[in-house]
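J.: Quick one: the structure is below, questions incoming.
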Amino acid sequence: MGHGASHGQQAGGGDRWKNDVKQPMPDASTVEHRFNQVLNLMDLPPDKAKLLRSYDHQKKWEIVCDQEKMSAKQAPSFYLSKLSTYLDPKAPRSTKVTSSSNSGSSGSCSDGPSCSGGNSGSGCLDSSMAAPFADAFYSFFHAQYRTMYYTLGNECFVPMMQFAPENLRRRTLGNSKSTQVLRDLEISLRTNNIEWVREFLNEENKGLEVLIEYLSFQLEILNTTGGTPRLRRRPTHKQLSRLNMGEAEDDIHVCIMCIRAIMNNKYGFNMVIEHTQAINCIALSLNHKSLRTKALVLELLAAICLVKGGHPIILNAFDNFKAVCGEQYRFLTLMEYFKDLTEYNIDFMVACMQFINIVVHSVEDMNFRVYLQYEFTQLGLEAYLDKIGQTESDELQVQISAYWDNFFDVQSLMEDSETRALALERVNELDHELSRCHEVENEIMAKIVELETENLKLQRMNEELMEMREKSTEEINTLRKKISDKDKEYTQRASFLENKLQQLENGSVSGGSSTSSTPVPPPPPPPPPMPPGGAVMAPPPPPMPTKISGEVPPPPPPPMNPGVMPMTGERSGPPLPVAGLMTIRHPKMKTKYKLPTLNWIALRPTEVNGTVFSNLDDEKLYNRLNRLRLDRFEEQFKLGPANGGVGTDKTDRPDDTIKKFRGPEKVSQLDHNRLRNMAICRRKLDLATDAVVRLVNNLDLKTMSHDQLETLMRMVPNEAESKALKQYEKDHKNIDGLTDEDKFLLQLTKVERLQQKLNIMHYMSTFQETVSTISPQVHSVTHAARTIKSSKKVSQMLELILMIGNMMNGAKRGAAYGFKLQSLDILPDLKSADKKCSLLHFIVDVLKEEFPEAASIDQELRITEKAAQVSLENLLTDQTELEKGMELCRRELALRKEKDQVLQEFLCQNDEKLRKLVSDMAVAKEAYADCVSFYGESARTVTTNAFFSTLHRFFKNLKQAETENERRRMLEEAQRQKSLSNNNNVQDSKRNQDAVINEIKSRTKQIKEKKLLKQDEVYNGALEDILLNLKNEPYVRADAVRRSQRRKLDNPNLVQSRDAATMDV
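Everything in the sequence shown is counted per the numbering used here, starting at 1069 for the first residue and increasing by one.
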């Protein structure tokens, strides 16, 4: 153990591998410098590097620290020295001797502490002389073995043997097998940083050369038959056992995995493609006995075909395969494996069908494609595909369908070319008829426009008259009410004066010095101002005269206060503002026509603070935009004239006859179905009862597989069964009289905390897989939430939509401060007056012309595709289950008297992983909450998949509207060109046909170029992306749709079978 660690440190360079120590953050310039160095090591694409550069200094420093914490266990030379030793066991290099001897402690021999390096009397040589002595010793050993033995004697010869190649090899290789060395190398290539991989592949180490040489070495071992080996340096069986070399099949499979890890690196991918021997060795690995290895090889070869220049390399590799293996025809061995039904492996068949589809149809030259098709047809591919056409595997059926969709039927193409001439003649005739129809249509459209104009004028006049009528009716009602109120007031006042006059005449009032005529009382004072409650106080009565003689004339009516309305119980003037609330917005955007209503969900004024809408000014945008564009918008979406009116009975299928289960001869406490299931489970478990009890108590997952554990969990007795079995034993009945299944359950009931232990074992076996599944989903939510919140392009789009919505709703609903994001789904549904375009089409046009920087919003919203498939609530539930399981493991460890090594090791390895997952989950939850609150939503009511799905649907609708706008512009341009040259309709028709054909060809070429990746455009992780895309979607060419439709029409049975497969899914 110490040797391996020391060797790794010395080979790796000492200080190069950092410890996990938290470092204090330096100044900003140092952080930027070290962060740029980390970015160069990560070798990220430009868009991802730009995103990381936008982080603050604290986040950048965390990334620097995290990157420096990642340390490789061993240097590349550690693995390469071992592989070189396996390759050349009889002639180890001097460098290997030096590195092996230096790996031990300085000045000591590897044989033990008793042998001192400087003691010449013991016969041991100094370590500095080890390398030259080993070379000289090996060259001299075979010829002079006996002379040395008898001349030097045993006392000197035996100590010198410690520097013999055999001991040096043992010190270099250690106790690990070659398969384990390759597995460790594959993990390092896959998990270490890019700089480590580059060091592995550089000119000094030449890691790819060594790996390919070792793969070729193992292939020769695998292909050696009889007693005549084909290897020049093949070691004997005894030498292989001394070298501790693994099985050739295992080593070849892990070598292919190592090459796959190298190809996932940009630099390594190009090196593998340029290395002819590497591709040849990968192709020769098809002779491997394992179908899993063959499927892996075919996936790598298919991925290489999808890179520019990779197709001829693969064909050359199969030409070499044909020469080496002595095939009569190329691809013959591959087809034999594919058609071999002795081992039906669906993964291999899918990979084989996928490779054949790609190697045949990914080439550009159509004649070459037909040639390759015929090559596989001669090998019996088409007949075999017809034979397995009704397979139950959906994945294989998809790959077969993709092959037939890409298939070139030369006979059908000849028929198409013959019918094309007839079709063109018919098209010319239809063009003449269409031109006449266009003329008639234009005349009718002109009349319709004229009638619609007159109709709109009449509608405006009608609306104006209706408004005048409403105003007149309101004024008349108001005046009538005023007159009625005045009449009541005058009547009351007259009766009051009459009563007073009557009282004076009767002498009820005394006083007064004169009986002469009394002046008329003054008019009542003006009423007081309106009280806060809104009620109008009645004016006080006039002052009473002291004495009235004669006839008193009626007083004049009191003057009306212009500031007071009649007492109608209503208030006038604007509503009083309420303290602490935002005032209601009144529309300031005037439109000439009545526009349709946009049924969005508006935010209340109190919900706008702190959201993206608080910084948006739609009125400023309204004043900024070109008035002609808004007029065109009103013309498109103005409202026209209103249109009138706005089981069969199932018969149950008789059940099949159920065979009666024969009861056991022995006594059982279980019912028949349970007993039968227990017997089946015991056969699947295939373990003795004592072994099961021991494995459960020891929590041994190395001996008991995951499938056996799940089978055992289904066999756990329930409460009633446990009670019955214990009662049977308590009654001292004969235990041997029970069935084997009852005895098995009886032993399980005696295990303490059985269910808890099984739950712990199940948790330990599935922990790593669960964490690996959850972590990428958590990171996708965090990344999507932060990107969407910081996107200025999204804010510009929402500002434009808010302005248009307030323009449409201003006269009816009032202006809004913001809207819910789910309102984006209704934008495609709001059509223009002619039903030819939607509101989303207009928004796309405005974005393209006025805000070109926001037109490429799909680059930022594309990340929501993965986040839309994640439910944060489900992830939190999974996290809670993981925490409960970890706590259950801790309690079980505390209950055990002796410390359990399995539990301790599991807790030490995975406790930190769980804490990291919990921390990442909290960050994702906080980032998502900030994002949804920024857009006026609540994280408690809106789920992650609902929020990001809304944005993803909006993105897809934007792309579709953009495509439709482009198509509409092309059609309008074609019609305009056609109207300018009406006399040359035939020539225009041909030009339009050529334009359409060229457009189809150009688009087809673009689609094909998207499928094939250029070699200089390969990026880190490109191989995994290619393999993932092939797994999600088969390779289908751009011109395959027409042939697929034709094939469906020619073969209706295929359509029925495809539909049936879809229904089964």
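Glycine included, C-beta positions come from ideal geometry on N, C-alpha and C.
Can you tell me whether Val1375 is helix, strand or coil according to DSSP?
T.: Val1375: strand per DSSP, three-state reduction.
J.: Helix, strand or coil, according to DSSP, for Leu2081 in the structure here?
T.: Of the three classes helix, strand and coil, the one that applies to Leu2081 here is strand, per DSSP.
J.: Indicate whether the contact test is met: 3 or more Cβ pairs, each with one atom in the stretch 1779-1793 and one in the stretch 1745-1756, closer than 8 Å.
T.: Verdict: yes, contact present.
J.: Is it buried or exposed for Gly1575, if we count other Cβ within 10 angstroms and need 16 for buried?
T.: It counts as exposed.
J.: Assuming Ser1843 and Asp1988 make a contact with CB atoms under 8 Å, what is their CB distance in whole Å?
T.: Between Asp1988 and Ser1843 the Cβ distance is about 7 Å, and since that is below 8 Å, they are a contact.
J.: Label Gly1805 either buried or exposed according to how many other C-beta atoms from any shown protein chain fall within 10 Å of its C-beta, with 16 as the threshold for buried.
T.: By the neighbour-count rule (16 or more Cβ atoms within 10 Å), Gly1805 is not buried but exposed.
J.: Less than 8 Å separating the beta-carbons of Phe1476 and Val1431?
T.: Contact flag unset, no.
J.: Does DSSP classify Ser1540 as helix, strand or coil?
T.: Ser1540: helix per DSSP, three-state reduction.
J.: Quick check: the Cα distance between Asn1261 and Arg1121, rounded to an integer number of angstroms?
T.: Distance between the alpha carbons of Asn1261 and Arg1121 is about 19 Å.
J.: Note down the Cα distance separating Ala1096 from Ser1863, rounded to an integer number of angstroms.
T.: Answer to the nearest angstrom: the Cα atoms are 30 Å apart.
J.: Quick one: give me the first and last residue of the alpha helix (DSSP H) that Arg2105 is part of.
T.: Note, Arg2105: premise wrong, no alpha helix (DSSP H); not H, not E.
J.: Does DSSP put Ser1906 in a helix, in a strand, or in coil?
T.: Strand.
J.: Can you have a look at Thr1674 and say buried or exposed, based on whether 16 or more other CB atoms are within 10 angstroms of its CB?
T.: Thr1674 is exposed by the Cβ-count criterion.
J.: Which residue comes first and which comes last in the alpha helix (DSSP H) that contains Gly1873?
T.: Here the alpha helix (DSSP H) through Gly1873 covers 1860-1877.
J.: Ala1385 and Ile1347 look like a contact to me (Cβ under 8 Å); what is the Cβ gap, rounded to whole Å?
T.: Right, their Cβ atoms sit about 5 Å apart.
J.: With a cut-off of 8 Å, do at least 3 Cβ pairs link the stretch 1909-1925 to the stretch 1823-1836?
T.: With a cut-off of 8 Å, the stretch 1823-1836 and the stretch 1909-1925 do not count as touching, because too few Cβ pairs lie within range.
J.: Considering only C-alpha positions, which residue in the set Phe1974, Leu1889, Asn1413 is nearest to Ala2014?
T.: Looking at the Cα atoms, Leu1889 is the closest of the given residues.
J.: Going straight from the alpha carbon of Glu2034 to that of Glu2040, what length do you get?
T.: If I take the Cα positions, the gap works out to 10 Å.
J.: Around the Cβ of Ala1562, are there at least 16 other Cβ atoms within 10 angstroms (buried) or fewer (exposed)?
T.: Classification for Ala1562: exposed.
J.: Kindly list the residues whose CB is nearer than 7 Å to the CB of Gly1377, restricted to its own chain and excluding five residues on each side of it in sequence; keep chain order.
T.: The answer, listed in chain order, is Gln2083.
J.: Measure the CB-CB distance between Ile1468 and Val1427 and report whether it falls below 8 Å.
T.: Contact flag unset, no.
J.: Would you check if there are 3 or more beta carbon pairs closer than 8 Å linking the stretch 1869-1876 to the stretch 1937-1954?
T.: Verdict: no, contact absent.
J.: So, for Phe1705: in the same chain, excluding its five sequence neighbours on each side, which residues have a beta-carbon less than 7 Å away from its beta-carbon?
T.: Leu1663, Pro1664, Ser1900, Ala1901, listed in sequence order.
J.: Using only CA atoms, which one of Tyr1452, Leu1907, Ile1414, Ile1456 lies nearest to Glu1463?
T.: Considering only alpha carbons, the answer is Ile1414.
J.: Give the C-beta separation of His1343 and Leu1276 to the nearest angstrom, bearing in mind that I take them to be a contact with Cβ-Cβ under 8 Å.
T.: Rounded, the Cβ-Cβ distance is 6 Å, consistent with contact.
J.: Just the Cα atoms here: how many angstroms apart are Leu1299 and Met1421?
T.: A caution first: Leu1299 carries a pLDDT of 39, below 50, which makes its placement in the model too unreliable to give a value.
J.: Could you give the DSSP three-state label for Phe1919: helix, strand or coil?
T.: Phe1919 falls in the coil class under three-state DSSP.
J.: Below 7 Å CB to CB, which residues in the same chain sit around Asp1758 once its five sequence neighbours on both sides are set aside?
T.: Answer for Asp1758: no residue qualifies.
J.: Quick one, are the C-beta atoms of Ser1840 and Val1938 less than 8 Å apart?
T.: It is not a contact, given that the beta carbons lie outside the stated cut-off.
J.: Cutting at 7 Å between CB atoms, please list the residues of its own chain near Tyr1996, excluding the five before and the five after it.
T.: Same-chain partners within the cutoff: Val1849, Ala1853, Leu1940, Ala2007, Thr2012.
J.: Starting from Ser2001, trace the alpha helix (DSSP H) both ways and give me its first and last residue.
T.: Its alpha helix (DSSP H) spans residues 1969-2002.
J.: Rank Ser1773, Asn1978, Glu1288 by C-alpha distance to the C-alpha of Gln1836 and give the top, closest one.
T.: When each option's Cα is compared against that of Gln1836, the closest is Asn1978.
J.: Sort out for me which residues DSSP pairs Val1508 with in a bridge.
T.: Per DSSP, none; premise fails for Val1508.
J.: Based on the DSSP output, what are the partners of Leu1755 in its beta bridges?
T.: Per DSSP, none; premise fails for Leu1755.
J.: Over what stretch of residues does the alpha helix (DSSP H) that includes His1847 continue unbroken?
T.: Where His1847 is concerned, the enclosing alpha helix (DSSP H) stretches over 1822-1857.
J.: Can we say the stretch 1798-1812 touches the stretch 1733-1748, given the rule of at least three CB pairs closer than 8 Å?
T.: Yes: at least three Cβ pairs fall under 8 Å.
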